[in-house]
Amino acid sequence: MNSSFVLTEIDMIIRLCLGFIAGAIIGFERSSRRQVAGLRTHILISTGATLLMLLSIYVPQQINPERMGDPGRIAAQVVSGMGFLGAGAIIRLGNSIRGLTTAASLWFIAAVGLVIGAGMFTVAGTAVGLGLITLLFLHKIERRIFPTLRFKLLEIFYKDNNSSTKGALEIIRSSGIEVQTMDVDQGSKERGTKLRLLVRVSGKIDIAEVARSIKASGQVKRVEIKEKY
């Protein structure tokens, strides 16, 4: 943009609408995955960032048309402020952290809004396209190459307190499940042995099928699977 350019109300309305559309595109993808920050949040952030960028250009233009001032000052505050909003989308559940991608998408869409406000439409369109590719397609590729690891609590109840746990452990390890911790409670003859295992399971492994194999191995009364974040 050169110094002779004058930002009109029509220009601002067009840029606000484009900011709205950009936020809707990324927000729709996040809403489809039931994320805490979805369609409306992304639209408001993108449109708001566009509005602030327009303000940072328009005010110096009105005060001193010969000098454009520093439009980057408000933009810098938007980038800093997004850190607080992004932190609200991050949830810690035990050993797992959820919401990092959504927090990143909020920061990203704010940047897109600033770019649209500055009139860099081609760059903004390219950024939105790359953002969609990252969220829609790279997610699937990433999960295939790097399967999600989950923590589960396996409780194996035996019929008596003389049962061997060796068979169950062999089935678990041969299936590719990693045992993190193990606790054996011999109990009384009536109660039987209880084997408690904290395991790390890849998303490719059907832990329910493993549990059925353990129960069919003999002397096993029941197998319980519990989520352990």
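Quick note: to get the working numbering, add 11 to the position in the sequence shown (first position is 1). A virtual CB, placed ideally from N, CA and C, is assigned to each residue, including glycine.
query: Going by the CB atoms, is the gap between residue 60 and residue 8 shorter than 7 Å?; result: Any answer about residue 8 is impossible in this case: the structure gives the chain only from 12 up to 240.
query: Using three-state DSSP, classify residue 233 as helix, strand or coil.; result: strand
query: Would DSSP call residue 204 helix, strand or coil?; result: coil
query: Specify the secondary structure class of residue 12 as computed by DSSP and reduced to three states.; result: Unreliable placement is indicated for residue 12, whose pLDDT of 46 sits below 50; the coordinate value is still reported in the next sentence. It is coil, neither helix nor strand.
query: Less than 7 Å between the C-beta atoms of residue 113 and residue 100, yes or no?; result: yes
query: What span of residues does the beta strand (DSSP E) with residue 192 cover, start to end?; result: 189-196
query: Whose C-alpha, out of 116, 68, 228 and 71, is nearest the C-alpha of residue 144?; result: 116
query: For residue 46, does the count of other Cβ atoms within 10 angstroms reach 16, so buried, or fall short, so exposed?; result: buried
query: What are the start and end residues of the alpha helix (DSSP H) that includes residue 46?; result: Unbroken run through residue 46: none, as it is neither H nor E.
query: By Cβ distance below 8 Å, which residues in the same chain neighbour residue 24 in space, the five residues on each side in sequence not counted?; result: none
query: Could you tell me the alpha carbon to alpha carbon distance between residue 227 and residue 220, rounded to whole angstroms?; result: 11 Å
query: From the DSSP output, read off the bridge partner residues of residue 209.; result: 164 and 192
query: Considering only the alpha carbon of each residue, which of 57, 229, 238 and 29 lies closest to residue 38?; result: 57
query: Rounded to whole angstroms, what's the CA-CA distance from residue 187 to residue 216? Just pull it up for me.; result: 8 Å
query: So, at 6 Å on beta carbons, what are the nonlocal neighbours of residue 12 in its own chain, with the 5 sequence-adjacent residues on each side left out?; result: Residue confidence for residue 12 is low, a pLDDT of 46 falling below 50, so the modelled location carries little weight and cannot support an answer.
query: Take residue 161 as the anchor and find which of 184, 183, 212 and 207 has the nearest alpha-carbon.; result: 212
query: Compute the minimum distance between the beta carbon of residue 95 and the heavy atoms of the ligand MG, and state whether it is under 6 Å.; result: Only the bare structure without any ligand can be found here, which leaves the ligand MG out of the picture.
query: Counting C-beta neighbours from all protein chains within 10 Å, is the total for residue 148 16 or more, i.e. buried, or is it exposed?; result: exposed
query: Where does the unbroken alpha helix (DSSP H) through residue 186 begin, and where does it stop?; result: Here residue 186 belongs to no alpha helix (DSSP H), and DSSP marks it neither H nor E.
query: How many angstroms separate the CA atom of residue 73 from the CA atom of residue 18?; result: 10 Å
query: What residue ranges within the region 76-149 form continuous alpha helix (DSSP H) runs of no fewer than 4 residues, ordered along the chain?; result: 83-98, 111-128 and 132-147
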